[in-house]
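Here our numbering is used: the first residue of the sequence shown is 3, the next is one more, and so on.
Quick reminder that beta carbons are idealized off the backbone N, C-alpha and C, glycines included.
Note sheet for the following structure.
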Amino acid sequence: MFSNFIYFIVVLLIYSTYRPSENTNFTASETLFLFVCLIVIFAAITWIQFRRVEKQILKQRPFHHDHKFRSTLTRQSILAILLFSIDIYGLNLSSFLINVPFLNIIPTVQALLFLMLFTGYLAIVWACAFNPYRHLYPTDLPRKTYILSQVSFSIPILLPWLLLSGIADIINVLPFDLPKRFLSTTEGEITYFLVFLFAIAIVGPAMIQKFWGCKPLEIGYDRSRIEELCQKAGMEYANILYWPIFGGQMITAAVMGLIKKFRYILVTQGLLHMLEPEEIDAVIAHEIGHIKKKHLLFYLLFFVGYMIISYATFNLLVYSIVFSETIYKLINSTGLDQTTVTTSIFSLVIIVVFLIYFRFIFGYFMRNFERQADTYVYALFDSAKPLISTFEKIAASSGEHPDRPNWHHFSITKRIEYLKKCETDKIWITRHESKIKKSIAVYLAGIFLLCGVGYNLNFGETSKKLNKHFFLKIIQRELEKTPDNPLLYSTMGDLYYSDNNYSETIKAYEQSLRINLDNPHALNNLSWLYATCEIESFRNPKKALELAKRAVQLEESPHILDTLAESYYVNGLFEQAITTERRAFELTTKNRDYYRKQLLKFKVARQKSVLL
Numbered sequence: 003m004f005s006n007f008i009y010f011i012v013v014l015l016i017y018s019t020y021r022p023s024e025n026t027n028f029t030a031s032e033t034l035f036l037f038v039c040l041i042v043i044f045a046a047i048t049w050i051q052f053r054r055v056e057k058q059i060l061k062q063r064p065f066h067h068d069h070k071f072r073s074t075l076t077r078q079s080i081l082a083i084l085l086f087s088i089d090i091y092g093l094n095l096s097s098f099l100i101n102v103p104f105l106n107i108i109p110t111v112q113a114l115l116f117l118m119l120f121t122g123y124l125a126i127v128w129a130c131a132f133n134p135y136r137h138l139y140p141t142d143l144p145r146k147t148y149i150l151s152q153v154s155f156s157i158p159i160l161l162p163w164l165l166l167s168g169i170a171d172i173i174n175v176l177p178f179d180l181p182k183r184f185l186s187t188t189e190g191e192i193t194y195f196l197v198f199l200f201a202i203a204i205v206g207p208a209m210i211q212k213f214w215g216c217k218p219l220e221i222g223y224d225r226s227r228i229e230e231l232c233q234k235a236g237m238e239y240a241n242i243l244y245w246p247i248f249g250g251q252m253i254t255a256a257v258m259g260l261i262k263k264f265r266y267i268l269v270t271q272g273l274l275h276m277l278e279p280e281e282i283d284a285v286i287a288h289e290i291g292h293i294k295k296k297h298l299l300f301y302l303l304f305f306v307g308y309m310i311i312s313y314a315t316f317n318l319l320v321y322s323i324v325f326s327e328t329i330y331k332l333i334n335s336t337g338l339d340q341t342t343v344t345t346s347i348f349s350l351v352i353i354v355v356f357l358i359y360f361r362f363i364f365g366y367f368m369r370n371f372e373r374q375a376d377t378y379v380y381a382l383f384d385s386a387k388p389l390i391s392t393f394e395k396i397a398a399s400s401g402e403h404p405d406r407p408n409w410h411h412f413s414i415t416k417r418i419e420y421l422k423k424c425e426t427d428k429i430w431i432t433r434h435e436s437k438i439k440k441s442i443a444v445y446l447a448g449i450f451l452l453c454g455v456g457y458n459l460n461f462g463e464t465s466k467k468l469n470k471h472f473f474l475k476i477i478q479r480e481l482e483k484t485p486d487n488p489l490l491y492s493t494m495g496d497l498y499y500s501d502n503n504y505s506e507t508i509k510a511y512e513q514s515l516r517i518n519l520d521n522p523h524a525l526n527n528l529s530w531l532y533a534t535c536e537i538e539s540f541r542n543p544k545k546a547l548e549l550a551k552r553a554v555q556l557e558e559s560p561h562i563l564d565t566l567a568e569s570y571y572v573n574g575l576f577e578q579a580i581t582t583e584r585r586a587f588e589l590t591t592k593n594r595d596y597y598r599k600q601l602l603k604f605k606v607a608r609q610k611s612v613l614l
């Protein structure tokens, strides 16, 4: 079930990193035909795969069929993601909607439509998987309930995104400039995300339990026993609820909520009916352990950590693609639209980073937090034997092999073995506590290091240098395609000038002027360099004046007139400098103090020349 979280986040990344354009690979009718054909083919392949698994299960029911079923479920879910990727990047489905005004104003609605499309693909997988599931894990659950349970379990990951994105869209639609400007900045995006993340973490559980259709556990023996245990542990909560996931037949429980007012304990009918009172106590103690050990808060920290990693590595990713000749040649060799290919590479790398982070880092902490919650039983009881017997019942009733691990939990066998070691020697509890503390310390050190890297890559001197190299690389590659583009040489000259590389600046501007002599920008900037360069060998006052006069003939703007005035000044023509600067002062509406200082400088020079 937790895999559904990963699938939906990957799909969100695929969708959000694609940039629609009006140019599509196929016409609307061709796209529709291919779209329908792909769905039919996908449904047929999925049905055949699960029908094969069902036949194997009906012949005999050894544990390895559980592995076969789950691997098929995973494989077809990944195939659904691949199909969705083809819809986005191959069929360009979102490009056909770019002219729909409402979807442009509230893009979250369009994203939601595509998420519903992916949910439809998964629904095909779950519908085909139901028969082998029913034979493998005996249940009277109807197909519809099975599919809806799978969908509803995924809502917690979609709800925060839906609210986060939807509110941002509403802010952009409202006629208020301040919040729009704030959200358009990096600081605004980060602040908005963090505030919203913590807000949804606090109040989200109240919305989720309503969506799941949870009902309060009635007053009676079971509720009283759970209440007494929570009171003993000193854990406050809003309510104890029935959890109807998969018809409530699973032996499971959960706790969600950072604060008392929005904290809920969830239990299934299966847990209450199949476990002994002591075993129920052990399961609830495990859930209390998650609260007492602040696991939910750490999970928030890990989400923030992922944001930091994404933020710190994004520019590295961009620079790697731009500076890598191999990747550049690969993009060109495809013959496809470069924007689409580059976006695809970005998407792929971002998804790989996401999967590595959640599968290995987040998953590592989840597994060890589960073990820590297991050992918390000893904080409330002398023995964990009821929890051990609960695990044995889960293994016997679920049909899952007890040795089967997953990315977020240790296998049942390993969990039992560790609790048995704790039964023998409580030092294993202390060792695990120490392991988690050290792991968190290493994680935080890594995150702080990445914060420093991210800051330098986005705001520090490193960022400035890399940005200059970045744009130079892009210009150089564009010049390979259009070597007679004067604007590219002019822009290259600007970049060299900002880096104080005057020799290359002169070459770039002169090349721009050789292609197009009527370029006031290049004329003006080269004139300013010849007139004011701090390195004497690069100065050429006469050339500066010649270029400035030509620039003013093409464009009489304040900054170009100022350059001409400066050129008159360095050539000793102070009267002309004053007259020209006055004209610049009259035309300008910005930075008038600068032009006043220039006038004063020229007047002082004229006065000194008269005295001499």
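Reference residue i; option with closest CA among the options
i: L302; options: D595, G206, C453 and G215; result: G206
i: V127; options: Q51, P177, I100 and L165; result: Q51
i: D68; options: W430, P404, L575 and A510; result: P404
i: K262; options: P543, S73, Y511 and A240; result: A240
i: I449; options: L566, G307, L166 and Y570; result: G307
i: L5; options: V572, F155 and M209; result: As written in the sequence, residue 5 is Ser, which differs from the Leu given in the question. Checked all of V572, F155 and M209; the closest Cα to S5 is F155.
i: S18; options: F393, R53 and S97; result: S97
i: L563; options: P522, I477, L243 and A398; result: P522
i: W409; options: G365, T48 and T590; result: G365
i: R373; options: F360, V102, L389 and I59; result: L389
i: F120; options: Q78, N101 and V102; result: Q78
i: I253; options: I286, S226 and Q233; result: I286
i: I80; options: A256, R265 and Y9; result: Y9
i: A381; options: S226, A510, M276 and I431; result: I431
i: D501; options: K428, A235 and L531; result: L531
i: I108; options: I537, V269 and L166; result: L166
C-beta contact flag for residue i and residue j at 8 Å
i: I83; j: V13; result: yes
i: A553; j: T565; result: yes
i: L547; j: Y570; result: yes
i: T110; j: L185; result: no
i: T507; j: G495; result: yes
i: Q615; j: T141; result: In the structure displayed, the chain extends from 3 to 614; residue 615 sits before or after that span and is not available.
i: A607; j: E583; result: no
i: Y20; j: S349; result: yes
i: I242; j: I204; result: no
i: P246; j: G215; result: yes
i: I293; j: Y359; result: no
i: F473; j: L497; result: yes
i: I157; j: I210; result: yes
i: L143; j: F7; result: no
i: F576; j: F604; result: yes
i: S399; j: Y91; result: no
i: L421; j: A386; result: yes
i: L549; j: D520; result: no
i: V455; j: A579; result: no
i: R145; j: A129; result: yes
Assigned secondary structure, residue i (DSSP; H/G/I helix, E/B strand, else coil)
i: Y244; result: strand
i: V285; result: helix
i: M258; result: strand
i: P218; result: strand
i: I267; result: strand
i: S226; result: helix
i: H411; result: coil
i: E425; result: helix
i: K57; result: helix
i: Q251; result: coil
i: P177; result: coil
i: M368; result: helix
i: A386; result: coil
i: F28; result: coil
i: G236; result: coil
i: R373; result: helix
Nearest-angstrom beta carbon gap, residue j and residue i [assumed within contact, 8 Å]
i: E56; j: H137; result: 6 Å
i: Y378; j: G291; result: 3 Å
i: L93; j: T33; result: 5 Å
i: F371; j: H297; result: 5 Å
i: F71; j: Y123; result: F71 to Y123, Cβ: 19 Å. No contact.
i: L490; j: E482; result: So it is not a contact: roughly 10 Å between Cβ atoms.
i: I442; j: P488; result: Contact doesn't hold; Cβ gap of about 57 Å is too wide.
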